[in-house]
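Residue numbers (my numbering): 421 to 575. Below is one structure, written out as C-alpha cells; the observations come after it.
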C-alpha cells in the first residue's frame, strides 16, 4: 500500500444574498483532500424578524462537476445541532455548494430546520472569507486538489 500524506485545509465561507437583514450561512470547514471529505461547523443567522441563530455541525464530501466549458467543485454536507446531543444524528441543515475551481466563489442552496419546518434557501452567493492574513491556504488547497485530480486522470 502506497503511503500518501493526508492533507487537510481550513476554509471559511459566507453564504448570503447580500441583503441587509437577510438570512446568511457562515460555514467553517476542514477539507480532507485525500478522502474528499469535509467537516466543520456553521451558523445560519438572521438579525431581523424572525431572528435566527441556528448552529450546526457539518459533515459531507466533495466531488467534481466537469463540463466542456468548466470544472466546478460540488460540496454536499449535512448538519446536526451540536447543542442537542439527546437526539444524535437528526439533521438540522442540508447544504449544497457549487464552487469555481479556485474554491473562492460559487453558489449555494441549503435548507434548515426551524420550529419543525424545513426552510429552503437559494441560490445564494458563496464567498471565501480570509482565515489568516493571506489566501495562501485556499490557494494551496486549489493547487493540491488540481494536482490530485490530474494524477487520477492520467493514471
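Glycine included, C-beta positions come from ideal geometry on N, C-alpha and C. Only a predicted model underlies this, so the values are computations on that prediction, with no experimental measurement involved.
**Request:** Can you give me the Cβ contacts of residue 447 inside the same chain, cut-off strictly under 6 Å, excluding the 5 residues immediately before and after it?
**Result:** Shown here for residue 447: same chain residues with a beta carbon closer than 6 Å to its own, the five before and five after excluded, namely 433, 462 in chain order.
**Asked** My guess is that residue 538 and residue 531 are in contact by the Cβ rule of under 8 Å, so how many angstroms apart are they, rounded?
**Response** The Cβ separation is near 5 Å, so the contact holds.
**Message:** Once DSSP output is grouped into helix, strand and coil, what is the label at residue 558?
**Reply:** In the three-state reduction of the DSSP assignment, residue 558 falls in the helix class, which pools H, G and I.
**Request:** For residue 536, count neighbouring C-beta atoms within 10 Å of its own C-beta (all shown protein chains included) and say buried if the count is 16 or more, exposed if not.
**Result:** Burial call: exposed.
**Request:** Determine the extent of the beta strand (DSSP E) in which residue 457 is found, giving its start and end residues.
**Result:** Where residue 457 is concerned, the enclosing beta strand (DSSP E) stretches over 457 to 466.
**Asked** Would you say residue 568 reaches chain B, if we count a Cβ-Cβ gap shorter than 7 Å as a contact?
**Response** Of the chains in the structure shown, none is chain B; there is only one protein chain.
**Request:** May I ask you to list the residues that DSSP assigns as paired with residue 547?
**Result:** DSSP output for residue 547 lists 434, 525 as bridge partner(s).
**Item:** Reduced DSSP category for residue 553 - H, G, I as helix; E, B as strand; rest coil
**Value:** Residue placement at residue 553 is poorly supported in this model, since its pLDDT is 47, which falls under 50; the coordinates still yield a value, given next. DSSP places residue 553 in coil when its eight states are reduced to three.
**Request:** Please work out which residues of its chain come closer than 6 Å, Cβ to Cβ, to residue 513, disregarding the five sequence neighbours upstream and downstream, and give them in chain order.
**Result:** Same-chain partners within the cutoff: 476, 499, 532.
**Message:** Given this structure, state the Cα-to-Cα distance separating residue 553 from residue 491, to the nearest angstrom.
**Reply:** Any answer about residue 553 is weak, because its pLDDT of 47 lies below 50 and its placement is not dependable; what the coordinates show is given next. Cα to Cα, residue 553 sits roughly 28 Å from residue 491.
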